[in-house]
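Count the sequence shown with numbering that gives the first Met the number 0 and you get residues 0 to 437, in order.
Positions of the beta carbon are idealized from the N, C-alpha and C atoms, including for glycine.
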Amino acid sequence: MNLNETHDPDLTSWVKSANLEDADFPIQNLPFAVFRLRVSDESLRGGVAIGDQVLDLARLAETRAFDSDINELLQLCAGPSLNAFMGRGAAAAAALRRALSQALRTGSELQQQLQPCLVAQELVEYSVPCRIGDYTDFYTSINHATNVGKLFRPDNPLLPNYKWLPIGYHGRASSIEVSGHEIIRPQGQTKAPDADSPSFGPCRRLDYETEVGIYIGAGNALGERIAIDDADSHVFGYCIFNDWSARDIQAWEYQPLGPFLSKSFASTISPWIVTSEALLPYRVEWSRAADDPQPLAYLDSEHNRSRGALDLKLQTYLQTAKMRAAGEPPYLLGQSNFAQSYWCVAQMVTHHTVNGCNLQPGDFFGSGTQSGTSENALGSMLEITHGGKQELALPNGELRKFLADGDCIIMSGHCEKPGAARIGFGSASATILPANPI
Ligand code: CA
Numbered sequence: 000m001n002l003n004e005t006h007d008p009d010l011t012s013w014v015k016s017a018n019l020e021d022a023d024f025p026i027q028n029l030p031f032a033v034f035r036l037r038v039s040d041e042s043l044r045g046g047v048a049i050g051d052q053v054l055d056l057a058r059l060a061e062t063r064a065f066d067s068d069i070n071e072l073l074q075l076c077a078g079p080s081l082n083a084f085m086g087r088g089a090a091a092a093a094a095l096r097r098a099l100s101q102a103l104r105t106g107s108e109l110q111q112q113l114q115p116c117l118v119a120q121e122l123v124e125y126s127v128p129c130r131i132g133d134y135t136d137f138y139t140s141i142n143h144a145t146n147v148g149k150l151f152r153p154d155n156p157l158l159p160n161y162k163w164l165p166i167g168y169h170g171r172a173s174s175i176e177v178s179g180h181e182i183i184r185p186q187g188q189t190k191a192p193d194a195d196s197p198s199f200g201p202c203r204r205l206d207y208e209t210e211v212g213i214y215i216g217a218g219n220a221l222g223e224r225i226a227i228d229d230a231d232s233h234v235f236g237y238c239i240f241n242d243w244s245a246r247d248i249q250a251w252e253y254q255p256l257g258p259f260l261s262k263s264f265a266s267t268i269s270p271w272i273v274t275s276e277a278l279l280p281y282r283v284e285w286s287r288a289a290d291d292p293q294p295l296a297y298l299d300s301e302h303n304r305s306r307g308a309l310d311l312k313l314q315t316y317l318q319t320a321k322m323r324a325a326g327e328p329p330y331l332l333g334q335s336n337f338a339q340s341y342w343c344v345a346q347m348v349t350h351h352t353v354n355g356c357n358l359q360p361g362d363f364f365g366s367g368t369q370s371g372t373s374e375n376a377l378g379s380m381l382e383i384t385h386g387g388k389q390e391l392a393l394p395n396g397e398l399r400k401f402l403a404d405g406d407c408i409i410m411s412g413h414c415e416k417p418g419a420a421r422i423g424f425g426s427a428s429a430t431i432l433p434a435n436p437i
């Protein structure tokens, strides 16, 4: 994958809202989602964002505005999940991107045919854009791992394997939901440090995790592995991801096999998959400090060192029920950058398959909570409140150790730099409801 005409920052669209300076979805982005008109019995189908509109790919396939090769790809996007299209790999994604870029450009001859295929984003609802067969949660931010490790082991926060491999575990795919949903506060077993036995009840240390979501496109056969320099061609795209956590349930249950019910009750994705190709201008150097262990050969390459990381800015906001009722804006909890991740996406893909494990189209990775080094760059309440020891004071006087019922967490992300079009991700939001009666 290389920069091409679709990345030209001077391109504009005949969809005027795509040309605004702060637009999330300019013509250089063209992310995919699955949508339908809100509160309707319409079929879910694929769409591409352009400005404040969705280009309806099912309707577009019916117009036969494109040649048969492109029309076949559009038909793969016409149903309620994008797996078949994602599984076609990077070349197919690039072909459709180029065709849509040309058709949406200012002056395109196809404007008349495409115009009726646009639907305003404010009128639609989204679905999880593909069937997620397997979800794997990584732990790639060394700042987060260090901050959390310090709470338990102040002198030795990182475990010995951390700097040698991208730590991960198998998560739960069925509870991944699209932005705008509600979460019922989970219940489970917790045990206070000084108690003799655990008790059962609603989670009291409910937390968010600011992460990047990664969708696999073309998979690999069972028994074969993906080489690091091929890894990017297996990544269809990215979203913003909130991997909710019940810290008190986790603390009691996680040994010796890792997190279980503390993680499987909910995860929130932003609706749009921003493609790997759209993000090419924001690939940056990946490096490892000279006094840290250098990656084993299978996790290292010249290409990955030159452009393995992604300069993606992440923001997380909290709006409490009281703030909402008073019409107050959400409060910025933290902002971090995925470029600071200790392990990059190609290394996650390569490591995941090094044992011969097969990835499949639509499989999903969480990057792990992304935290920076400063107090305003933390990706969880656990870090902001030092494990619940320091209350966070909100501008309206409310206090938080962890999240309360009625709290809404809103995450967003974007890439921005001089000389390239801004690439936005939209947002991932969800609101916490009280636990069900026991
Ligand atoms: Ca996670």
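With 16 other CB atoms within 10 Å as the buried threshold, where does P436 fall? Translated into the one-based positions of the sequence shown, residue 436 becomes position 437. Under this definition P436 is an exposed residue.
Would you identify the three-state DSSP class for E71, choosing helix, strand or coil? By 1-based counting over the sequence shown, the position of residue 71 is 72. E71: helix per DSSP, three-state reduction.
With a 10 Å radius around its C-beta and 16 neighbouring C-beta atoms as the bar for buried, classify T372 as buried or exposed. Locating residue 372 in the sequence shown gives position 373, where the first residue counts as 1. Flag for T372 reads exposed.
Please determine whether the Cβ atom of E382 lies at a distance below 7 Å from any heavy atom of ligand 1. Taking the sequence shown and counting its residues from 1, the one referred to as residue 382 is at position 383. The answer is no for E382.
Does G148 come out as helix, strand or coil in the three-state DSSP assignment? Within the sequence shown, residue 148 is the residue found at index 149, counting from 1. Three-state DSSP puts G148 in a helix.
Suppose contacts are defined by Cβ-Cβ distances below 8 Å. Is P30 in contact with T209 by that definition? The residue you call residue 30 lines up with position 31 of the sequence shown. The residue you call residue 209 lines up with position 210 of the sequence shown. No.
Expressed to the nearest angstrom, what Euclidean distance is found between the alpha-carbon atoms of S80 and G355? Translated into positions along the sequence shown, residue 80 becomes position 81. Translated into positions along the sequence shown, residue 355 becomes position 356. Approximately 26 Å, taken between the alpha carbons.
Buried or exposed: which applies to R35, given that a residue is buried once 16 or more other Cβ atoms fall within 10 Å of its Cβ? Within the sequence shown, residue 35 is the residue found at index 36, counting from 1. Buried, by the Cβ-count rule.
Between the region 367-381 and the region 208-226, are three or more C-beta pairs nearer than 8 Å? yes
Please report the Cβ distance between L109 and L54, rounded to the nearest whole angstrom; I am assuming they are in contact, meaning their Cβ atoms lie under 8 Å. Working through the sequence shown from its first residue, we reach residue 109 at position 110. Working through the sequence shown from its first residue, we reach residue 54 at position 55. In fact, because the Cβ distance is near 11 Å, the residues do not count as touching under 8 Å.
Strictly by DSSP, which residues pair up with P201? By 1-based counting over the sequence shown, the position of residue 201 is 202. Partner(s): Q186.
What I want to know is whether the C-beta of T139 ends up closer than 7 Å to one or more non-hydrogen atoms of ligand 1. Residue numbering aside, residue 139 sits at position 140 when the sequence shown is read from its first letter. Every heavy atom of ligand 1 is 7 Å or more from the Cβ of T139, so no.
Other residues of its chain near R203: CB distance less than 6 Å, five sequence neighbours each side excluded: For the purposes of this step, residue 203 is taken as residue 204 along the sequence shown, with counting starting at 1. D247, listed in sequence order.
Looking at ligand 1, does it come within less than 7 Å of E181, judged from the CB to the closest heavy atom? By 1-based counting over the sequence shown, the position of residue 181 is 182. The answer is no for E181.
Assuming Y102 and Q52 form a contact by the criterion Cβ under 8 Å, report the distance between their Cβ atoms to the nearest whole angstrom. By one-based count along the sequence shown, residue 102 stands at place 103. By one-based count along the sequence shown, residue 52 stands at place 53. Here residue 102 turns out to be Ala, not Tyr, going by the sequence shown. 13 Å between Cβ atoms; not a contact.
Tell me R35's beta-bridge partners as DSSP assigns them. The sequence position of residue 35 within the sequence shown is 36, counting from 1. Looking at the DSSP assignment, R35 forms a beta bridge with E124.
On the DSSP bridge list, what partners appear for S366? In the sequence shown, counting from the first residue as 1, residue 366 sits at position 367. None; S366 has no bridge partner.
Look at the alpha carbon of L99 and the alpha carbon of Y237, and state the distance between them as a whole number of angstroms. As a first step, residue 99 must be located in the sequence shown, where it is residue number 100. As a first step, residue 237 must be located in the sequence shown, where it is residue number 238. C-alpha separation (whole angstroms): 19 Å.
Note down, in chain order, each residue of its chain lying with its Cβ closer than 8 Å to the Cβ of S140, except the 5 sequence neighbours on either side. To locate residue 140, count along the sequence shown from 1; it is residue 141. Contacts found: S335, Q339, S340, Y341, S366, G367, T368, Q369, S370, G378.
Relative to ligand 1, what is the chain-ordered list of residues with a Cβ closer than 5 Å to any of its non-hydrogen atoms? Taking each Cβ in turn, the ones that pass are D136, E208, D242, G365.
In whole angstroms, give me the CA-to-CA distance for L358 and A220. Here residue 358 is taken as the residue at index 359 of the sequence shown, counted from 1. Here residue 220 is taken as the residue at index 221 of the sequence shown, counted from 1. Using only the alpha carbons, I get a separation of about 8 Å.
Of the listed residues L157, G333, P25, nearest to W13 (C-alpha basis): Residue numbering aside, residue 13 sits at position 14 when the sequence shown is read from its first letter. Checked all of L157, G333, P25; the closest Cα to W13 is P25.
C-alpha gap between E223 and A230, whole angstroms: On the sequence shown, position 224 is the one that residue 223 refers to. On the sequence shown, position 231 is the one that residue 230 refers to. Their backbone Cα atoms lie some 13 Å apart in a straight line.
Can you confirm whether S39, when its beta carbon is compared against all beta carbons of chain B, has any partner nearer than 8 Å? Here chain B cannot be found, since the structure has a single protein chain.
At a threshold of 7 Å, does G307 count as lining ligand 2 (C-beta to nearest heavy atom)? Among the ligands modelled here, namely ligand 1, ligand 2 does not occur.
Hey, would you say P280 sits closer than 8 Å to H6, going by beta carbons? What you label residue 280 is simply residue 281 of the sequence shown in a count that begins at 1. What you label residue 6 is simply residue 7 of the sequence shown in a count that begins at 1. Yes.
What are the boundary residues of the alpha helix (DSSP H) that K321 is part of? By one-based count along the sequence shown, residue 321 stands at place 322. Unbroken alpha helix (DSSP H) run through K321: 320-324.
For the candidate residues S244, G333, P328, Y253, whose alpha-carbon lies nearest to that of L402? As a position in the sequence shown, residue 402 is number 403, starting the count at 1. Nearest of S244, G333, P328, Y253 to L402, Cα basis: S244.
So, at 7 Å on beta carbons, what are the nonlocal neighbours of E181 in its own chain, with the 5 sequence-adjacent residues on each side left out? Within the sequence shown, numbered from 1, the residue matching residue 181 stands at position 182. Closer than 7 Å at Cβ, skipping near neighbours: A429, T430, L432.
Would you kindly work out how many angstroms separate the C-alpha atoms of Y168 and S261, rounded to a whole number? For this step, residue 168 is matched to residue 169 along the sequence shown. For this step, residue 261 is matched to residue 262 along the sequence shown. Cα to Cα, Y168 sits roughly 13 Å from S261.
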